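Enquirer: For the sequence shown, our numbering begins at 1108 and goes up steadily by one. Got a structure for you, questions after.
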Amino acid sequence: MNQPSSPRTGPSTPYAPSTGSAPPLSSASSPASPCSPGGPSAATPSSKTFLGLRKLPARSAAWVMPLLLSLLMTFIVSLISTLRVAGLSVDVLRLWMSSWALSWMAAFPTLLLVLPLVRRATAAIVDPR
1108 MNQPSSPRTG PSTPYAPSTG SAPPLSSASS PASPCSPGGP SAATPSSKTF LGLRKLPARS
1168 AAWVMPLLLS LLMTFIVSLI STLRVAGLSV DVLRLWMSSW ALSWMAAFPT LLLVLPLVRR
1228 ATAAIVDPR
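Spelled out as C-alpha coordinates, the structure:
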(Lines of atoms letter the chains of each structure in order from A and count residues from 1; the text may use other names and numbers.)
(Lines give C-alpha, C1' and ligand atoms only; values in the text may rest on other atoms or scores of the structure.)
Protein backbone atom coordinates (compact mmCIF):
# COMPACT_ATOMS: atom_id res chain seq x y z
CA MET A 1 0.00 0.00 0.00
CA ASN A 2 1.33 3.47 -0.86
CA GLN A 3 2.12 5.95 1.86
CA PRO A 4 0.36 9.31 1.83
CA SER A 5 2.23 12.09 0.11
CA SER A 6 2.05 15.83 0.42
CA PRO A 7 3.40 18.28 -2.15
CA ARG A 8 5.61 19.93 0.46
CA THR A 9 7.39 16.99 2.10
CA GLY A 10 6.91 14.12 -0.35
CA PRO A 11 6.16 10.63 0.98
CA SER A 12 5.91 10.40 4.71
CA THR A 13 9.14 9.08 6.18
CA PRO A 14 10.40 8.59 9.72
CA TYR A 15 12.60 11.68 9.44
CA ALA A 16 10.10 13.99 7.72
CA PRO A 17 7.91 16.18 9.92
CA SER A 18 4.24 15.29 9.75
CA THR A 19 1.88 17.74 8.12
CA GLY A 20 -1.19 16.65 10.08
CA SER A 21 -2.59 18.43 13.06
CA ALA A 22 -0.97 17.88 16.40
CA PRO A 23 -2.75 15.61 18.87
CA PRO A 24 -4.59 17.41 21.66
CA LEU A 25 -2.60 17.99 24.80
CA SER A 26 -3.52 15.80 27.69
CA SER A 27 -2.66 16.08 31.33
CA ALA A 28 -0.31 13.11 30.92
CA SER A 29 1.88 15.02 28.45
CA SER A 30 2.41 18.04 30.68
CA PRO A 31 4.16 17.98 34.02
CA ALA A 32 1.88 17.80 37.01
CA SER A 33 1.82 20.77 39.32
CA PRO A 34 2.88 20.34 42.92
CA CYS A 35 -0.76 20.90 43.92
CA SER A 36 -2.11 18.12 41.71
CA PRO A 37 -2.82 14.66 43.17
CA GLY A 38 0.11 13.12 41.31
CA GLY A 39 2.57 15.69 42.60
CA PRO A 40 5.62 16.92 40.70
CA SER A 41 6.84 13.41 39.88
CA ALA A 42 3.64 12.49 38.02
CA ALA A 43 4.99 13.67 34.64
CA THR A 44 5.53 10.86 32.19
CA PRO A 45 9.17 9.99 31.53
CA SER A 46 8.61 10.29 27.75
CA SER A 47 7.82 14.01 28.09
CA LYS A 48 11.41 14.76 29.17
CA THR A 49 14.65 14.67 27.19
CA PHE A 50 17.95 13.40 28.52
CA LEU A 51 18.74 16.92 29.74
CA GLY A 52 15.60 17.02 31.89
CA LEU A 53 13.94 19.61 29.65
CA ARG A 54 10.53 19.32 28.03
CA LYS A 55 10.55 17.93 24.49
CA LEU A 56 9.88 20.32 21.65
CA PRO A 57 6.65 19.96 19.64
CA ALA A 58 6.74 17.79 16.50
CA ARG A 59 6.63 20.84 14.22
CA SER A 60 10.12 21.75 15.49
CA ALA A 61 11.62 18.77 13.65
CA ALA A 62 11.80 20.90 10.48
CA TRP A 63 14.65 22.95 12.01
CA VAL A 64 15.97 20.72 14.84
CA MET A 65 17.13 17.93 12.53
CA PRO A 66 19.09 20.29 10.22
CA LEU A 67 20.50 22.07 13.29
CA LEU A 68 21.85 18.86 14.83
CA LEU A 69 23.04 17.51 11.49
CA SER A 70 24.91 20.70 10.63
CA LEU A 71 26.48 20.93 14.10
CA LEU A 72 27.78 17.35 14.00
CA MET A 73 28.92 17.36 10.39
CA THR A 74 30.76 20.69 10.56
CA PHE A 75 32.31 19.68 13.90
CA ILE A 76 33.85 16.55 12.39
CA VAL A 77 34.76 17.94 8.96
CA SER A 78 36.35 21.10 10.39
CA LEU A 79 38.43 18.98 12.79
CA ILE A 80 39.73 16.83 9.94
CA SER A 81 40.44 19.88 7.79
CA THR A 82 42.16 21.77 10.61
CA LEU A 83 44.34 18.79 11.54
CA ARG A 84 45.28 18.33 7.89
CA VAL A 85 46.40 21.94 7.53
CA ALA A 86 47.82 22.75 10.99
CA GLY A 87 48.76 19.32 12.31
CA LEU A 88 48.87 18.66 16.04
CA SER A 89 50.08 22.07 17.11
CA VAL A 90 49.52 24.12 20.26
CA ASP A 91 47.01 26.32 18.41
CA VAL A 92 44.95 23.47 16.93
CA LEU A 93 42.01 23.88 19.34
CA ARG A 94 41.69 27.62 18.67
CA LEU A 95 42.03 27.12 14.91
CA TRP A 96 39.51 24.28 14.94
CA MET A 97 36.87 26.22 16.90
CA SER A 98 37.14 29.28 14.64
CA SER A 99 36.99 27.03 11.58
CA TRP A 100 34.00 25.17 13.00
CA ALA A 101 32.07 28.36 13.83
CA LEU A 102 32.60 29.77 10.35
CA SER A 103 31.67 26.53 8.60
CA TRP A 104 28.56 26.05 10.74
CA MET A 105 27.34 29.58 9.99
CA ALA A 106 27.41 28.65 6.30
CA ALA A 107 26.19 25.05 6.67
CA PHE A 108 23.03 25.55 8.75
CA PRO A 109 21.23 28.04 6.48
CA THR A 110 22.38 26.07 3.44
CA LEU A 111 20.97 22.89 4.90
CA LEU A 112 17.65 24.60 5.65
CA LEU A 113 17.41 25.67 2.02
CA VAL A 114 18.61 22.43 0.42
CA LEU A 115 16.90 19.84 2.64
CA PRO A 116 13.47 20.03 0.90
CA LEU A 117 15.17 19.38 -2.44
CA VAL A 118 17.13 16.47 -0.97
CA ARG A 119 13.92 14.98 0.45
CA ARG A 120 12.24 15.22 -2.98
CA ALA A 121 15.26 13.64 -4.69
CA THR A 122 15.30 10.85 -2.09
CA ALA A 123 11.58 10.24 -2.60
CA ALA A 124 12.17 10.00 -6.36
CA ILE A 125 14.95 7.43 -5.91
CA VAL A 126 13.65 5.29 -3.01
CA ASP A 127 10.57 3.05 -3.18
CA PRO A 128 8.40 3.84 -0.12
CA ARG A 129 7.34 0.19 0.26
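Ideal Cβ positions, reconstructed from N, Cα and C, are used throughout, including at glycine. None of the values given here were measured: they were computed from a predicted structure.
Less than 8 Å between the CB atoms is what I'm expecting for W1211 and L1178, so what's the real figure, rounded?
Expert: Translated into the one-based positions of the sequence shown, residue 1211 becomes position 104. Translated into the one-based positions of the sequence shown, residue 1178 becomes position 71. Rounded to whole angstroms, the Cβ separation of W1211 and L1178 is 6 Å, and the two are in contact under 8 Å.
Enquirer: Compute the Euclidean distance between the alpha carbons of I1232 and P1223, then round it to the nearest angstrom.
Expert: For the purposes of this step, residue 1232 is identified with residue 125 of the sequence shown, where counting begins at 1. For the purposes of this step, residue 1223 is identified with residue 116 of the sequence shown, where counting begins at 1. Approximately 14 Å between the Cα atoms of the pair.
Enquirer: So L1176 and L1220 are supposed to be a Cβ contact under 8 Å. How far apart are they, rounded?
Expert: Here residue 1176 refers to the residue found at position 69 when the sequence shown is read from its first residue. Here residue 1220 refers to the residue found at position 113 when the sequence shown is read from its first residue. Rounded, the Cβ-Cβ distance is 14 Å, inconsistent with contact.
Enquirer: Can you tell me the Cα-Cα spacing of F1215 and L1160, whole angstroms?
Expert: Your numbering for residue 1215 matches position 108 in the sequence shown. Your numbering for residue 1160 matches position 53 in the sequence shown. So the two alpha carbons sit approximately 24 Å from each other.
Enquirer: Tell me V1161's beta-bridge partners as DSSP assigns them.
Expert: Start at 1 with the first residue of the sequence shown, and residue 1161 comes out as number 54. The amino acid occupying residue 1161 in the given sequence is Arg; Val does not appear at that position. Its beta-bridge partners are K1155.
Enquirer: If you reduce the DSSP assignment to three classes, tell me which class V1192 lands in.
Expert: Residue 1192 sits at position 85 when you count from the first residue of the sequence shown. DSSP places V1192 in helix when its eight states are reduced to three.
Enquirer: Does the distance from the CB of L1163 to the CB of V1171 come in under 8 Å?
Expert: Position 56 of the sequence shown, counting from 1, holds the residue named residue 1163. Position 64 of the sequence shown, counting from 1, holds the residue named residue 1171. Result yes, Cβ atoms of L1163 and V1171 sit closer than 8 Å.
Enquirer: If you draw a straight line from the alpha carbon of A1230 to that of A1169, how long is it in whole angstroms?
Expert: Along the sequence shown, read from residue 1 onward, the residue named residue 1230 stands at position 123. Along the sequence shown, read from residue 1 onward, the residue named residue 1169 stands at position 62. Cα to Cα, the separation comes out at about 17 Å.
Enquirer: By Cβ distance below 7 Å, which residues in the same chain neighbour W1207 in space, the five residues on each side in sequence not counted?
Expert: Locating residue 1207 in the sequence shown gives position 100, counting from the first residue. Excluding sequence neighbours, W1207 sits near T1181, F1182, S1185.
Enquirer: Do V1199 and T1189 come within 8 Å of each other at the CB atom, strictly closer than that value?
Expert: Within the sequence shown, numbered from 1, the residue matching residue 1189 stands at position 82. Within the sequence shown, numbered from 1, the residue matching residue 1199 stands at position 92. Contact flag set, yes.
Enquirer: Candidates V1192, A1213, L1209: which alpha carbon is nearest P1173's?
Expert: In the sequence shown, counting from the first residue as 1, residue 1173 sits at position 66. For P1173, the nearest C-alpha among the options comes from A1213.
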